[in-house]
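Taken in order, these protein sequences are the chains called A and B.
With UniProt numbering, the residue at position 149 of the first sequence is 149, and numbering never jumps.
With UniProt numbering, the residue at position 201 of the second sequence is 201, and numbering never jumps.
C-beta atoms are modelled at their ideal positions from N, C-alpha and C, and glycine is treated no differently.
Okay, so here's the structure we're looking at.
Protein chains: 2
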Amino acid sequence: MKIKTASSRVSETRRLIVHMIREQWAKEEGRLPSEERIAEMFGVSRSTVRAALGELESSGFIHRKHGLGTFVNPIASQIHARLDAWIEFKKLIEQSGFEADIQLLGLHKGPLSPDEAKKLGSSPGEPAVTVRKLFTADGQPAILCQDTIPLALLPPDCNAALLETSDTFHFLAKNGLGPVSYGVAHLIARCADAALADLLRIPAGTPLLALENVGYAPSDSPLFLSSELYCPGLIDFGIMRRHLY
Amino acid sequence: MKIKTASSRVSETRRLIVHMIREQWAKEEGRLPSEERIAEMFGVSRSTVRAALGELESSGFIHRKHGLGTFVNPIASQIHARLDAWIEFKKLIEQSGFEADIQLLGLHKGPLSPDEAKKLGSSPGEPAVTVRKLFTADGQPAILCQDTIPLALLPPDCNAALLETSDTFHFLAKNGLGPVSYGVAHLIARCADAALADLLRIPAGTPLLALENVGYAPSDSPLFLSSELYCPGLIDFGIMRRHLY
DNA sequence: AAGTGGTCTAGACCACAAA
DNA sequence: TTGTGGTCTAGACCACTTC
């Protein structure tokens with residue numbers, strides 16, 4: 001079976017392997033067919049299969065044992081929320097086993113603070129739009145999010161309604177900012193003050209996990225800021241750690 | 001110049017490229033030589049160079065632009081402490097710009113709690129050794145760490161002194177547990193209680209970042225537990241996030 | 001010996017960007 | 001047009017594991 005070169009054979013092969021992992025195999029076997037066999041199945045060369053498997057291995061989804069075979073990593077699949085994965089909050093909440101909902105808290109335009117400008121590689125005072133949203137999990141406040149986007153990056157006819165109802169990723173994609181290539185998050189622990197406690201329906205002083213993100217374009221230029229506050233007990237972030245070079 | 005196959009040409013090439021990034025090039029250029037050129041320089045094929053570059057790209061150290069070249073990622077180098085990198089605390093503290101020191105708080109043997117046993121895939125009550133250490137940055141308490149290792153995994157003649165003075169990684173490597181392949185951390189925000197505040201010399205109620213780690217062998221079997229508590233303001237964890245498959 | 005992943009190569013061709 | 005990275009292949013050989 002030849003696969004269509006929708007994007008590239010490697011990524012298509014990777015997609016099919018992911019499918020294979022999720023559907024039939026993994027559940028009982030935990031072991032994938034041999035590289036040669038996969039190559040036959042998809043009509044590509046072994047090198048292509050190895051490239052696809054290599055990507056999956058570096059993300060921790062599988063690991064290969066010399067002389068034995070390729071195995072699904074049972075640990076990775078137990079992480080419901082991967083901190084190194086940047087996904088829409090709705091998906092994140094759903095993956096964690098809850099029903100997700102969005103609540104718009106506010107949207108306003110204003111100048112960038114010096115701190116914000118620094119993170120965005122912009123100048124203080126530059127106009128920007130800031131939107132605050134509350135995401136609920138099974139009706140319970142789960143994630144408080146505040147996104148800030150410099151107006152200079154948005155087209156004049158930008159659709160503000162989208163900002164209110166959809167995820168920031170979608171909004172950016174549909175407003176010419178192109179794809180968000182990656183983000184860098186810094187982690188901080190915070191305690192809920194009175195206002196926050198009220199909003200999130202938790203006791204004042206509750207410790208919260210905060211992520212301060214900067215989103216970057218493929219060119220490494222900063223696109224937007226995103227502050228995320230996570231209520232405890234709902235989203236359990238996990239991350240695989242290894243020795244780097 | 002042919003390189004020696006110390007481990008593998010790809011990893012040796014990667015090492016040399018990392019060196020290249022750190023030393024000469026990056027600083028002024030930010031751009032690496034072309035793949036063809038690197039291949040010549042190191043006496044390997046372009047495919048080998050691409051494999052090495054691919055690894056560095058997936059870790060975020062470089063990114064490649066079609067038709068333009070390979071560039072050092074300026075963002076990644078600004079992250080002093082990568083959450084996805086598992087390194088010794090001493091290095092972590094030093095990389096963050098401080099002088100590191102270790103202080104042994106206690107070492108005792110006892111049975112595993114049900115929760116610990118579950119994480120380790122072991123049975124409650126199994127004997128284990130637990131060690132508590134405090135790492136200081138410029139003399140100031142920075143990381144409180146508690147490691148738990150099942151006794152069953154350790155050789156009878158295990159060198160307990162090492163546990164006290166060195167990092168857990170070193171201890172494990174030198175006691176037959178082999179290399180720690182990877183770890184999975186879960187993130188939690190905590191508030192310092194009175195005892196903790198006293199120990200860490202911070203106000204009671206200060207929010208702390210906590211990492212609950214499980215270390216795994218290459219075979220995916222759990223090796224040890226590691227609880228880490230980070231005092232605010234010293235170690236600033238960053239993490240690159242992207243869209244996964 | 002058979003099957004598996006690990007390593008590496010040489011080379012072809014494509015796609016993008018700049019001059 | 002030139003130089004760059006992107007994709008893909010076929011095939012050789014090695015190293016580990018099991019039988």
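- One thing to note: asparagine 73 of chain A has its Cβ no nearer than 8 Å to the Cβ of histidine 80 of chain A.
- For the 8 Å CB-CB criterion, histidine 243 of chain A and glycine 238 of chain B do not form a contact.
- A straight line joining the alpha-carbon of glutamate 35 of chain B with that of phenylalanine 42 of chain B spans about 11 Å.
- Going by DSSP, glutamine 103 of chain A is part of no alpha helix (DSSP H) but of the beta strand (DSSP E) stretching over 100-111.
- For aspartate 236 of chain A, the three-state secondary structure derived from DSSP is coil.
- Under the Cβ distance rule, cysteine 145 of chain A does not count among the residues neighbouring chain B, no pair being separated by less than 8 Å.
- At a cut-off of 8 Å between beta carbons, aspartate 220 of chain A contacts chain B.
- By the Cβ criterion, the region 39-57 of chain B is not in contact with the region 90-105 of chain B, since fewer than three pairs of Cβ atoms, one from each stretch, lie closer than 8 Å.
- A direct Cα-to-Cα measurement between threonine 136 of chain B and phenylalanine 98 of chain B gives close to 9 Å.
- Residue ranges of uninterrupted beta strand (DSSP E) with 3 or more members, entirely inside the region 167-212 of chain A and ordered along the chain, are 182-191.
- For cysteine 191 of chain A, the closest of A:Val180, A:Glu12, A:Pro203, A:Ser113 by C-alpha to C-alpha distance is A:Pro203.
- Between glycine 69 of chain B and glutamate 29 of chain B, the alpha-carbon positions lie close to 12 Å from each other.
- Proximity of chain A to phenylalanine 42 of chain B at the Cβ level (cut-off 7 Å) is not reached, the minimal Cβ distance being about 16 Å.
- Burial check for tyrosine 216 of chain B: the Cβ neighbour count within 10 Å reaches 16 or more, so the residue is buried.
- Inter-residue distance for leucine 112 of chain B and glutamate 126 of chain B is about 5 Å (C-alpha atoms, whole angstroms).
- Taking glutamate 55 of chain A as the centre and dropping the five residues before and after it, the same chain places the C-beta of Arg14 closer than 7 Å to its C-beta, in chain order.
- Counting only residues of its own chain and dropping the five nearest sequence neighbours on each side, threonine 206 of chain B has a CB closer than 6 Å to the CB of Ala192.
- Between isoleucine 149 of chain B and alanine 128 of chain B, the CB-CB gap stays under 8 Å.
- Bounds of the alpha helix (DSSP H) holding glycine 54 of chain A are 46-58.
- Shown here, glutamate 228 of chain B sits in a strand according to DSSP, grouped into three states.
- Counting along the chain, no alpha helix (DSSP H) covers leucine 68 of chain A, and no H or E run does either.
- For isoleucine 87 of chain B, no beta strand (DSSP E) encloses it, and the DSSP letter there is neither H nor E.
- Residues are counted here when their Cβ sits less than 9 Å from a Cβ of chain B; for the region 70-88 of chain A these are Phe71, Asn73, Pro74, Ile75, Ala76, Gln78, Ile79, Arg82, Leu83, Asp84, Ala85, Trp86, Ile87, given in chain order.
- Leucine 16 of chain B has a beta carbon lying at 8 Å or more from every beta carbon in chain A.
- In the structure shown, alanine 217 of chain B falls within a coil segment according to DSSP collapsed to helix, strand and coil.
- For phenylalanine 237 of chain A, the C-beta contacts it makes with chain B under 8 Å involve His186, Leu187, in order along the chain.
- Taking the CA atoms as reference points, arginine 132 of chain A sits about 47 Å from leucine 172 of chain B.
- Contact check for proline 218 of chain B against proline 179 of chain B passes: the beta carbons are separated by less than 8 Å.
- Contact of proline 232 of chain B with chain A by beta-carbon distance below 8 Å involves Ile188, Ala189.
- Under the Cβ distance rule, glycine 183 of chain B counts among the residues neighbouring chain A, one pair being separated by less than 8 Å.
- Per DSSP, phenylalanine 42 of chain A is one residue of the alpha helix (DSSP H) stretching across 35-42.
- When B:Pro33, B:Leu211, B:Trp86 are compared, the shortest CA-CA separation from histidine 170 of chain B is found for B:Trp86.
- Residue pairing from DSSP leaves proline 155 of chain A without any beta-bridge partner.
- Counting C-beta atoms within 10 angstroms of its own C-beta, alanine 210 of chain B has 16 or more neighbours from the protein chains shown and is therefore classed as buried.
- DSSP places isoleucine 75 of chain B in the coil class of the three-state scheme, outside both helix and strand.
- Taking a Cβ-Cβ threshold of 8 Å, none of the residues of chain B is close to proline 141 of chain A; the smallest such distance is about 15 Å.
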